[in-house]
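**Q**
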Amino acid sequence: MNEKIKKTIDEIKSGRFPQVQDWKALFLYSGPEESRYLTEQAVAARKEYFGNKVFLRGLIEFTNYCKNNCYYCGIRRDHREIRRYRLTPEQILECCEKGYELGLRTFVLQGGEDPYWDDSRLVPLVASIREKFPDCAITLSVGERSRESYENLYDAGADRYLLRHEAADLDLYESLHPEEMMLSDRTDCLFDLKSIGFQTGCGFMVGAPGQTIPHIVEDLKFIGQFCPHMVGIGPFLPAAGTPFEDQPGGSPKLTLKLLSVIRLMKPDILLPATTALSSATEDGRLLGIKAGANVIMPNITPESVRSLYCLYDRKPSAGVECAEGIEELKEQLAGIGYEAVAERGDHPFFTEE
Ligand code: 5AD
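By the working numbering, the letter at position 117 of the sequence shown is numbered 117, and the numbering carries on one by one without gaps.
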């Protein structure tokens, strides 16, 4: 084994942040032995906090309207070719009911930044999910909002919030977004969410157009400093009809390596094996778990609209990706030594004794 790379891995494990050139060596030059060592260390770190548990979250993609125009995203405002939809509160509650019966104890409400879902509509929805499912966690993933709105949603009973920072490097952030979108707004939102009391998740795409290893190192540094409770990463995948439709997709291998690195940096976080990862590679979910992830988010959006939430092309929405395949997913996990549990699965600091 390359001793220098091993030293970098040990350095990460001990809570230090390697130099850029050492990160480069880790990402570009590790062979099978170094990669195996990284994975083993990540899996051992996860085991200390979570044993062999994998937490399932029911993902409800409740609106694909979006006022933003991110260059990479298939539901961006200027994408005129897609059919837009919004679930009704009744439909969303039905999803939760179905999810609850399947053993899910976290509901993730994800959507575009849809002005229709202002506080006058979203707050009562959160309140009614909170009332009907007192033993479940509610996670929101609905983009940038005011601090006041985040407070209202928290007070209504939301527990967690996912808002990927997308890129910690300013130039890269600006090359992925139109000029009205600001990295500082994003990070302000993240700090607001955390200070309000949300379990907060950030994250980024791997292999976004123009992204280099130093950019990824910036993302890791951001994660190290922000100390999120959750981190969502997945490979960039081109979406037809967007400015980046002809760009190459991100590497699943590098994504897996980053999952292990992030696990080693933050052993106690909730780290999903994302849909983008399983879109990019066969058995991506299982490979993600084997690399250090501990969360899977089966899609429980009604089948009639599931294919319309098309952030990127060829997004899988059947089988083990969704509600209908949960039993099979549990079996697959058991087959590799993991147990899918019916628990809220809070971050360890938030778990009530
Ligand atoms: N490929 C991969 N991930 C994407 N996202 C948006 N568009 C794409 C794409 N084309 C990710 C973004 C966003 C999350 C909901 O999905 O990181 O935050």
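The beta carbon of each residue, even a glycine, is placed where N, CA and C say it ideally should be.
1. Please report how far the alpha carbon of E148 lies from the alpha carbon of R80, in whole angstroms.
2. How big is the Cα-Cα spacing for S181 and A334?
3. Measuring straight from C-alpha to C-alpha, what distance separates N68 and L311?
4. Which residue marks the beginning of the beta strand (DSSP E) containing Q199, and which one marks its end?
5. Applying the 10 Å Cβ sphere with the 16-neighbour rule, what's the burial state of M297?
6. Kindly examine the ligand 5AD and report whether one of its heavy atoms sits closer than 7 Å to the Cβ of A276.
7. Could you check if E166 belongs to the surroundings of the ligand 5AD, using beta carbon to heavy atom distance under 7 Å?
8. Starting from L98, trace the alpha helix (DSSP H) both ways and give me its first and last residue.
9. If I measure Cβ to Cβ from I138 and keep anything under 8 Å in the same chain, skipping five residues before and after, which residues do I get?
10. What residues are listed by DSSP as bridge partners for F55?
11. Does the beta-carbon of G284, which I'm using as the reference point, lie nearer than 7 Å to any heavy atom of the ligand 5AD?
12. Quick check: what's the CA-CA separation for S146 versus C189?
13. Taking the alpha-carbon of G337 as reference, which of K53, A167 and F17 has the nearest alpha-carbon?
14. With distances taken between CB atoms, is the gap from E218 to D169 smaller than 8 Å?
15. Quick one, which of F133, P209 and D155 has its alpha-carbon nearest A167's?
16. Taking only heavy atoms of the ligand 5AD into account, decide whether any of them is closer than 7 Å to the Cβ of G241.
17. First and last residue of the beta strand (DSSP E) that includes V20?
18. Quick check on P248: buried or exposed, where buried means 16 or more other Cβ atoms within 10 Å of its Cβ?
19. For V20, does the count of other Cβ atoms within 10 angstroms reach 16, so buried, or fall short, so exposed?
20. List the residues that DSSP assigns as beta-bridge partners of T281.
21. Take the Cβ of Y72 as the centre, count every other Cβ of all protein chains shown within 10 Å, and call the residue buried at 16 or more, exposed below.
22. Less than 8 Å between the beta carbons of F62 and G111, yes or no?
23. Taking buried to mean at least 16 other C-beta atoms within 10 Å of its own C-beta, is S260 buried or exposed?
24. Under 8 Å, with one C-beta from each stretch per pair, do the stretch 226-238 and the stretch 198-206 reach the 3-pair mark?
25. Looking at Y71 and the ligand 5AD, is the gap between the Cβ and the nearest heavy atom below 7 Å?
26. In the DSSP output, what is T63 paired with across the bridge?
27. So, is E101 buried or exposed, given that buried needs 16 or more other C-beta atoms within 10 angstroms?
28. Closest to G74 by C-alpha separation, out of F50, Y309, P89 and P18, would be which residue?
29. Taking 7 Å as the line, does the beta carbon of G74 fall inside it for any heavy atom of the ligand 5AD?
30. Can you tell which of I60, Y116 and C70 has the C-alpha that lies nearest to the C-alpha of Q91?
**A** A quick look at the data gives this:
1. Distance between the alpha carbons of E148 and R80 is about 32 Å.
2. A quick correction: the sequence has Met, not Ser, at residue 181. C-alpha separation (whole angstroms): 43 Å.
3. N68 and L311 have their C-alpha atoms spaced approximately 13 Å apart.
4. Following the DSSP letters along the chain, one finds Q199 inside the beta strand (DSSP E) bounded by residues Q199 to V206.
5. By the neighbour-count rule (16 or more Cβ atoms within 10 Å), M297 is buried.
6. At least one heavy atom of the ligand 5AD is nearer than 7 Å to the Cβ of A276, so yes.
7. Yes, the Cβ of E166 comes within 7 Å of a heavy atom of the ligand 5AD.
8. It should be noted that the sequence gives Lys, not Leu, for residue 98. Judged by DSSP secondary structure, K98 falls within the alpha helix (DSSP H) whose first and last residues are P89 to E101.
9. Non-local C-beta neighbours of I138 in its own chain, meaning closer than 8 Å and more than five positions away in sequence, comprise T106, F107, L109, V126, I129, R130, G157, A158, D159 and R160, ordered along the chain.
10. F55 pairs with V295 and V341.
11. Taking 7 Å as the cut-off, the C-beta of G284 does not count as close to any heavy atom of the ligand 5AD.
12. A direct Cα-Cα distance of roughly 8 Å separates S146 from C189.
13. When only C-alpha atoms are compared, the closest one is K53.
14. Yes, the pair counts as a contact, with Cβ atoms nearer than the cut-off.
15. When only C-alpha atoms are compared, the closest one is P209.
16. Remark: the shortest separation between the CB of G241 and any heavy atom of the ligand 5AD does not fall under 7 Å.
17. Unbroken run through V20 is the alpha helix (DSSP H), V20 to Y29; no beta strand (DSSP E).
18. It counts as exposed.
19. Counting Cβ neighbours within 10 Å, V20 comes out exposed, since fewer than 16 surround it.
20. In DSSP, T281 forms no bridge with anything.
21. In the assembly as shown, Y72 is a buried residue. Its beta-carbon has 16 or more other beta-carbons within 10 Å.
22. Result yes, Cβ atoms of F62 and G111 sit closer than 8 Å.
23. In the assembly as shown, S260 is a buried residue. Its beta-carbon has 16 or more other beta-carbons within 10 Å.
24. Judged by pairs of C-beta atoms under 8 Å, the stretch 226-238 touches the stretch 198-206, as three or more such pairs exist.
25. No, the ligand 5AD has no heavy atom inside 7 Å of this Cβ.
26. Beta bridge pairing from DSSP links T63 with R86 and G111.
27. With fewer than 16 Cβ atoms within 10 Å of its Cβ, E101 is classed as exposed.
28. Ranking F50, Y309, P89 and P18 by CA distance to the CA of G74 puts Y309 first.
29. It does: the Cβ of G74 is within 7 Å (strictly closer) of some heavy atom of the ligand 5AD.
30. Checking every option, the nearest Cα to that of Q91 belongs to I60.
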